[in-house]
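Going letter by letter, the sequence shown gives residues 3 to 111 in the numbering used here. Cβ atoms here follow ideal geometry from the backbone N, Cα and C, with glycine treated the same way. Just so we're clear, the structure is a prediction, and the values are computed from it rather than from any experiment.
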Amino acid sequence: QRLDHVKNWKGELEVKRTELAKEIDATETYLVRLEKSLQSLQDNLHIAQTTLANREKRYDIDLVHDDVQKDLIMEISAIQGAIALLTRTIEQTKEQLSITNAPMNSNNY
3 QRLDHVKNWK
13 GELEVKRTEL
23 AKEIDATETY
33 LVRLEKSLQS
43 LQDNLHIAQT
53 TLANREKRYD
63 IDLVHDDVQK
73 DLIMEISAIQ
83 GAIALLTRTI
93 EQTKEQLSIT
103 NAPMNSNNY
(Lines of atoms letter the chains of each structure in order from A and count residues from 1; the text may use other names and numbers.)
(Lines give C-alpha, C1' and ligand atoms only; values in the text may rest on other atoms or scores of the structure.)
Protein backbone atom coordinates (compact mmCIF):
# COMPACT_ATOMS: atom_id res chain seq x y z
CA GLN A 1 0.00 0.00 0.00
CA ARG A 2 2.82 2.40 0.83
CA LEU A 3 4.43 1.59 -2.50
CA ASP A 4 1.20 2.59 -4.25
CA HIS A 5 1.19 5.92 -2.40
CA VAL A 6 4.77 6.59 -3.40
CA LYS A 7 4.02 5.75 -7.04
CA ASN A 8 0.98 8.04 -6.92
CA TRP A 9 3.01 10.89 -5.45
CA LYS A 10 5.74 10.32 -8.01
CA GLY A 11 3.14 10.50 -10.79
CA GLU A 12 1.71 13.74 -9.40
CA LEU A 13 5.20 15.14 -9.08
CA GLU A 14 5.98 14.32 -12.71
CA VAL A 15 2.76 16.04 -13.81
CA LYS A 16 3.70 19.17 -11.83
CA ARG A 17 7.23 19.04 -13.22
CA THR A 18 5.88 18.88 -16.78
CA GLU A 19 3.55 21.80 -16.10
CA LEU A 20 6.42 23.78 -14.62
CA ALA A 21 8.61 23.04 -17.64
CA LYS A 22 5.85 24.32 -19.95
CA GLU A 23 5.51 27.47 -17.86
CA ILE A 24 9.27 28.04 -18.02
CA ASP A 25 9.26 27.62 -21.81
CA ALA A 26 6.37 30.07 -22.16
CA THR A 27 8.12 32.59 -19.91
CA GLU A 28 11.36 32.28 -21.88
CA THR A 29 9.45 32.89 -25.12
CA TYR A 30 7.81 35.93 -23.52
CA LEU A 31 11.23 37.21 -22.43
CA VAL A 32 12.61 36.93 -25.97
CA ARG A 33 9.64 38.91 -27.28
CA LEU A 34 10.14 41.57 -24.63
CA GLU A 35 13.83 41.89 -25.50
CA LYS A 36 13.04 42.21 -29.22
CA SER A 37 10.43 44.86 -28.43
CA LEU A 38 12.96 46.74 -26.33
CA GLN A 39 15.49 46.68 -29.17
CA SER A 40 12.86 47.96 -31.59
CA LEU A 41 11.95 50.80 -29.25
CA GLN A 42 15.61 51.71 -28.82
CA ASP A 43 15.99 51.84 -32.60
CA ASN A 44 12.91 54.09 -32.86
CA LEU A 45 14.27 56.32 -30.09
CA HIS A 46 17.56 56.68 -31.94
CA ILE A 47 15.74 57.68 -35.14
CA ALA A 48 13.56 60.23 -33.35
CA GLN A 49 16.54 61.71 -31.47
CA THR A 50 18.58 61.94 -34.67
CA THR A 51 15.72 63.64 -36.46
CA LEU A 52 15.28 66.12 -33.62
CA ALA A 53 19.03 66.80 -33.49
CA ASN A 54 19.09 67.44 -37.24
CA ARG A 55 16.18 69.86 -36.92
CA GLU A 56 17.97 71.70 -34.10
CA LYS A 57 21.10 72.11 -36.26
CA ARG A 58 19.17 74.35 -38.61
CA TYR A 59 19.93 78.04 -38.48
CA ASP A 60 18.38 81.37 -39.34
CA ILE A 61 14.92 81.14 -40.86
CA ASP A 62 15.01 77.33 -41.08
CA LEU A 63 15.28 76.97 -37.30
CA VAL A 64 11.65 76.73 -36.22
CA HIS A 65 9.88 75.22 -33.26
CA ASP A 66 6.76 74.02 -35.02
CA ASP A 67 4.25 71.25 -34.34
CA VAL A 68 6.55 68.66 -35.89
CA GLN A 69 9.29 69.53 -33.43
CA LYS A 70 6.86 69.43 -30.51
CA ASP A 71 5.56 66.06 -31.70
CA LEU A 72 9.11 64.71 -31.94
CA ILE A 73 9.80 65.78 -28.38
CA MET A 74 6.59 64.13 -27.18
CA GLU A 75 7.42 60.98 -29.17
CA ILE A 76 10.88 60.78 -27.61
CA SER A 77 9.38 61.17 -24.16
CA ALA A 78 6.78 58.46 -24.82
CA ILE A 79 9.39 56.06 -26.20
CA GLN A 80 11.65 56.65 -23.19
CA GLY A 81 8.72 55.86 -20.89
CA ALA A 82 7.96 52.68 -22.81
CA ILE A 83 11.64 51.66 -22.68
CA ALA A 84 11.69 52.16 -18.90
CA LEU A 85 8.53 50.07 -18.53
CA LEU A 86 9.85 47.29 -20.77
CA THR A 87 13.17 47.28 -18.94
CA ARG A 88 11.39 46.81 -15.60
CA THR A 89 9.20 44.09 -17.09
CA ILE A 90 12.26 42.27 -18.45
CA GLU A 91 13.95 42.44 -15.04
CA GLN A 92 10.81 41.08 -13.36
CA THR A 93 10.50 38.31 -15.94
CA LYS A 94 14.13 37.27 -15.43
CA GLU A 95 13.58 37.23 -11.68
CA GLN A 96 10.44 35.12 -12.14
CA LEU A 97 12.37 32.72 -14.37
CA SER A 98 15.08 32.27 -11.77
CA ILE A 99 12.44 31.60 -9.10
CA THR A 100 10.57 29.18 -11.36
CA ASN A 101 13.77 27.41 -12.41
CA ALA A 102 14.91 26.85 -8.83
CA PRO A 103 12.74 23.77 -8.18
CA MET A 104 13.70 22.29 -11.55
CA ASN A 105 17.39 22.64 -10.73
CA SER A 106 17.19 21.25 -7.22
CA ASN A 107 18.06 17.66 -6.46
CA ASN A 108 14.64 17.06 -4.93
CA TYR A 109 13.25 16.14 -8.33
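Note down the Cα distance separating residue i from residue j, rounded to an integer number of angstroms.
i           : j           : result
residue 39  : residue 26  : 20 angstroms
residue 57  : residue 45  : 19 angstroms
residue 16  : residue 98  : 21 angstroms
residue 14  : residue 28  : 21 angstroms
residue 73  : residue 67  : 10 angstroms
residue 111 : residue 105 : The pLDDT assigned to residue 111 is 47, lower than 50, so where the model puts this residue is not dependable, and the model offers no usable value.
residue 47  : residue 76  : 11 angstroms
residue 33  : residue 12  : 31 angstroms
residue 69  : residue 60  : 16 angstroms
residue 7   : residue 95  : 36 angstroms
residue 103 : residue 71  : 47 angstroms
residue 18  : residue 108 : 14 angstroms
residue 65  : residue 87  : 33 angstroms
residue 52  : residue 83  : 18 angstroms
Residue i: buried (16+ other C-beta within 10 angstroms of its C-beta) or exposed?
i          : result
residue 81 : buried
residue 50 : buried
residue 9  : exposed
Please state if the CB of residue j and the CB of residue i are separated by a distance shorter than 7 angstroms.
i          : j          : result
residue 85 : residue 43 : yes
residue 36 : residue 92 : yes
Within the region 39-93, ranges of the alpha helix (DSSP H) (whole runs, at least 4 residues):
Here no run is fully enclosed.
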